[in-house]
Structure formats: C-alpha cells, structure tokens
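Asker:
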Amino acid sequence: MKKISSLVTDNPKVLRDIQRRGDWRKPQIELPPQAIAIVNDLFKELAGIYHSTWHLVMRTDATLAYAKLQWSQTLFEHSVTTELQLAEGLSRARMDTNAYLPKASVFCDWCQGIDEAFFVEAFRRLIRNETAASLAEKVTRREVGYRCRSLLPENQAMRLFRSVLHLNIHKSMRSELAEPRPLLDSSCEEDFSKYGDQIESDEAKKFMQRMKRIQQEKRVQNKRGS
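Numbering (our numbering), first residue to last: 529 to 754.
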C-alpha cells in the first residue's frame, strides 16, 4: 500500500491529475455518520501521539480527508467497532517507538491485541507441535506448516507463517474460515501417528538447537564488545 503522502501533494497539477485518473475513490462500503465521528476523534489522539512527524504526512487538508476516509473503511472491514478496542490501539500507539503514523491495518491489529509477540508464540507452537490456539492458527498450519517446518530457512518460514496467519485471523473475524478436514482417513491415522510424533519432535529439536547457537553467538559478540 502506498503512503498517503505519496498519493496527495501540495502541487495543484498533481492533485488534478490524481482526480482525473480516478484515484480519489469512494469507500467500497457505506459508512455510518458515527464511524466518521469516531475517526475524527481518533485522528485527534493520533495527531498528539505522532505530533513530531504528523505535519510531514498530513501536509494538506485533502491528505487528511483522504486518510480519514481510508482509515474509516479499514476499521470497519477489520471489525474494530468498540471504544475498548480503540483504547487498546491507542495504548499500543503510545508505546510505539516509530515516530510515524502506522498503517491503518497495523493499528487495527493493535486494537485486537495482535502484535509481533502474538505471531512469534504461534510460530513456536508450530515448531514444537503444540496444540493450535485458534481456528486461524490451525488453518495456517494446514496451508503452510510443512513448508515452514521442513523446507524454508527460519527467517523465511517466520515471514510466510506470519503473513498467512494474519490473513486467516481476519478471515476468521469475518466468519469466512471453516474447520479444516482431516488429511487422512481413520484407517491411516493410527499408522501415521507412529511416525508423525517423532518427525515433529526432531524438527522441534533442530529449531531449539538453532536458537541456542544464536544465543551463544550473541553472548560471544557481547563479550568481545565489552
């Protein structure tokens, strides 16, 4: 997604070109007036939190209006509809070390308690073959679990798992996920289980060994630095 500041500038000619190309899109859904009022109040809070860079992003009234339009739609689509959710998002924003306003989708994740630690824990459960904590996590394992455990380097596996889980979480919120069907019929499950646990255990051991090596390397580097 392009930055808002790259869509709208102070140059009137650029503004006319944007409007002529049809980039000023209306939301794909009709938003109630209450939603617009909520976003207006939300942007006042965000302007205070990100005050040092706010003027660099929201350089014109047109930019601000366009941002509010997009945020209204994103909040609605991600089912962020309560004051409690917005309060949680603003609380995370106040702890944000980034000086710039986050994407609307990132803010929605904050409102719903989804952060990087959430994805790390879900990934660890996958590697350790622990029970999935949600339907979204279960479906994600079915879609990319084998690749993440057996085929990809750890950093690539984490990126893939995170992106698919993030997508499935929001599908689940919209009631678009169904319980995955068993890959094996009942006659095969018993035989497979004899070997499956050992395979998963070996993968978990490999992962933990990699983590230990990384920690040891960091300790050595810290000692050299001191």
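Where a beta carbon is used, it is the ideal one built from N, C-alpha and C, also for glycine. Just so you know, these numbers come straight off a predicted model, no measurement behind them.
1. Run the CB neighbour count on alanine 578, radius 10 Å, all protein chains shown included, and call it buried at 16 or more, exposed below.
2. Taking Cβ positions, are alanine 664 and serine 700 nearer each other than 8 angstroms?
3. How long is the line joining the alpha carbons of asparagine 750 and arginine 738, rounded to whole angstroms?
4. Which value, in whole angstroms, describes the spacing of the CA atoms of valine 648 and tyrosine 594?
5. Using CA atoms only, rank isn't needed, just tell me which of Ser580, Ala706, Glu707 is closest to threonine 625.
6. Do the CB positions of cysteine 639 and glycine 617 come within less than 8 angstroms of each other?
7. Beta-carbon within less than 6 angstroms of glutamine 606's beta-carbon, same chain only, minus the 5 sequence neighbours each way: which residues are those?
8. Is the distance from the Cβ of alanine 632 to the Cβ of glutamine 598 below 8 angstroms?
Answerer: A quick look at the data gives this:
1. As written in the sequence, residue 578 is tyrosine, which differs from the alanine given in the question. Buried.
2. yes
3. One alpha carbon belongs to asparagine 750, the other to arginine 738, and they sit about 19 angstroms apart.
4. 34 angstroms
5. Ser580
6. yes
7. Note that residue 606 is histidine in the sequence shown here, rather than glutamine. The answer, listed in chain order, is Cys636.
8. In this structure, the beta-carbon distance from alanine 632 to glutamine 598 falls below 8 angstroms.
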